[in-house]
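*Asks:* If you're matching positions, the sequence shown starts at 0 in numbering that gives the first Met the number 0 and goes up one per residue.
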Amino acid sequence: MMNMKLNIRGEKLTITSAMKSYIIEKLSKIDKYFENPEDISANVLVRIKNSEQIVEVTALTKRFTIRAEESNEDFYNAVDLVVSKLERQIRKNKERLNQKYKNTENLEFNFNYELEEEQQEENVSTIVKRKNVSMKPMDEEEAILQIELLNHDFFVFKNIDEECVSVLYKRKDNNYGIINMK
Numbered sequence: 000m001m002n003m004k005l006n007i008r009g010e011k012l013t014i015t016s017a018m019k020s021y022i023i024e025k026l027s028k029i030d031k032y033f034e035n036p037e038d039i040s041a042n043v044l045v046r047i048k049n050s051e052q053i054v055e056v057t058a059l060t061k062r063f064t065i066r067a068e069e070s071n072e073d074f075y076n077a078v079d080l081v082v083s084k085l086e087r088q089i090r091k092n093k094e095r096l097n098q099k100y101k102n103t104e105n106l107e108f109n110f111n112y113e114l115e116e117e118q119q120e121e122n123v124s125t126i127v128k129r130k131n132v133s134m135k136p137m138d139e140e141e142a143i144l145q146i147e148l149l150n151h152d153f154f155v156f157k158n159i160d161e162e163c164v165s166v167l168y169k170r171k172d173n174n175y176g177i178i179n180m181k
């Protein structure tokens with residue numbers, strides 16, 4: 000049974016009752032990772048690009064946002080892949096979250112949930128490099144030029160148009176997105 004709040008929508012396609020049932024069945028697997036799954040809100044977007052079915056899940060908690068996206072020619076395989084990715088992300092970060100919030104009341108993740116033996120902890124990523132940089136004021140066009148010249152996936156700059164710090168990032172569709180820090 001699914002306890003989290005779920006919003007399922009299709010972009011340029013109709014979500015059938017069979018598709019909805021399959022999403023609910025599969026996403027109910029991640030309920031066990033949350034202390035209060037009824038407080039979690041998950042948005043599922045299904046869309047088609049070329050011949051691929053793309054399933055994107057964004058789960059919103061009080062403290063965290065967990066997001067995964069997978070694509071496959073088969074809708075059901077795409078759902079399986081995205082749920083597996085969500086589970087991996089939660090398991091991978093369980094130890095880090097446990098350390099950070101172990102003395103906090105109202106934990107969102109169920110850290111007492113025992114993983115099956117074949118699902119033991121994966122390596123946790125660590126910070127291996129730090130850099131201090133000065134942010135040059137620039138407009139968004141200059142930031143795009145910089146990201147392309149540097150061949151980076153993102154670029155942080157002081158946005159003179161928005162009068163804030165902005166993060167320019169390269170999207171999977173080879174366009175750019177921008178996040179403004181207000």
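For glycine and all other residues, C-beta sits at the position ideal for the given N, C-alpha and C.
Between which residues of its own chain and Asn173 is the CB-CB distance below 7 angstroms, once the five residues before and five after are set aside?
*Replies:* Here residue 173 corresponds to residue number 174 of the sequence shown, with the count starting at 1. No residues qualify anywhere along the chain.
*Asks:* Report buried or exposed for Ser50, applying the criterion of at least 16 other Cβ atoms within 10 angstroms of its Cβ.
*Replies:* Position 51 of the sequence shown holds residue 50. Counting Cβ neighbours within 10 Å, Ser50 comes out exposed, since fewer than 16 surround it.
*Asks:* Hey, could you find the ends of the alpha helix (DSSP H) Ser133 is sitting in?
*Replies:* Within the sequence shown, the letter at position 134 stands for residue 133. First-last for Ser133: undefined, no H or E at that position.
*Asks:* Identify, in the order they occur along the chain, each residue of the same chain with its Cβ nearer than 8 angstroms to the Cβ of Glu37, setting aside the five sequence neighbours on each side.
*Replies:* Mapped onto the sequence shown, residue 37 falls at position 38. If we look at Glu37 and ignore the five residues flanking it on each side, its Cβ neighbours are Asn2, Met3, Lys4.
*Asks:* Give the secondary structure of Met3 by DSSP, where H, G and I count as helix, E and B as strand, and everything else as coil.
*Replies:* Translated into the one-based positions of the sequence shown, residue 3 becomes position 4. Three-state DSSP puts Met3 in coil, outside helix and strand.
*Asks:* Please report the distance separating the alpha-carbon of Glu24 from that of Arg8.
*Replies:* Position 25 of the sequence shown, counted from the start, is the residue given in the question as residue 24. Position 9 of the sequence shown, counted from the start, is the residue given in the question as residue 8. Cα-Cα distance, rounded: 16 angstroms.
*Asks:* What residue range is occupied by the uninterrupted alpha helix (DSSP H) comprising Lys28?
*Replies:* Indexing the sequence shown from 1 puts residue 28 at position 29. Lys28: not part of any alpha helix (DSSP H); DSSP gives it neither H nor E.
*Asks:* Label Val127 either buried or exposed according to how many other C-beta atoms from any shown protein chain fall within 10 Å of its C-beta, with 16 as the threshold for buried.
*Replies:* By one-based count along the sequence shown, residue 127 stands at place 128. The residue is exposed, with fewer than 16 neighbouring Cβ atoms inside 10 Å.
*Asks:* In whole angstroms, what is the alpha-carbon distance linking Glu116 and Leu149?
*Replies:* Here residue 116 is taken as the residue at index 117 of the sequence shown, counted from 1. Here residue 149 is taken as the residue at index 150 of the sequence shown, counted from 1. Reliability of the predicted coordinates at Glu116 is poor, the pLDDT of 40 falling under 50, and the value obtained from them is presented with this limitation in mind. The alpha-carbon atoms of Glu116 and Leu149 are separated by roughly 43 angstroms.
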